[in-house]
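Colleague:
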Amino acid sequence: MILFLDFDGVLHPEYDGQATPADVALCHLPRFEAVMRDHPEVEIVISSTWREQFPLDDLRARFSPDIAARIIGATPVTPRIDGKYMPARREGEILDWLRQSGREHEPWLALDDAAWQFQQHRDRLLPALGTSALMTRQRRRCGHN
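The sequence shown begins at 3 in my numbering and counts up by one.
Given below as structure tokens:
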């Protein structure tokens, strides 16, 4: 099983175009890693936009060593058109990664908070957040109001 992992809105609250405060960044990582330890068969591919800002080794370094060892790559970046983030772009990047890796027939899921990023494969989406009330509670758990 391959898990495509988003960060913003999943491993910490989404800040709608603003930088994530350093004290909040990846605040849900311990919970994510605990779940992954219960599922050692799952390989992880980073699909977060963080892959556009940081090299894969830098992203791996943010995880515990046992989980970092299971991060097998990052999805390719599809250029934006006129600077806009296109609907279903993330799904397309996942499908590109699967094709390029020769793994298009393997089972996969995406842990992501942006359902609009998926059209054909919404059944493979594990939504991270649903409402702004959940977002408020999540920010509080991370230590922000």
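Beta carbons are placed, not taken as given, at the ideal position from N, Cα and C, and that holds for glycine. Computed from a predicted structure; not experimentally measured.
1) Quick one: Cα of Leu58 to Cα of Phe120, how far?
2) So which of Gln102, Ala117, Arg101 and Leu127 has the shortest CA-CA distance to Leu111?
3) Using beta-carbon positions only, say whether Ser50 and Arg92 come within less than 7 angstroms of one another.
4) Which residues in the same chain have their Cβ closer than 8 angstroms to the Cβ of Glu43, if we skip the five residues on either side of it in sequence?
5) Using CA coordinates, which residue listed in Pro78, Pro109 and Ala70 is at the minimum distance from Glu95?
Modeller: From the atom records:
1) 23 angstroms
2) Leu127
3) no
4) Met3
5) Pro78
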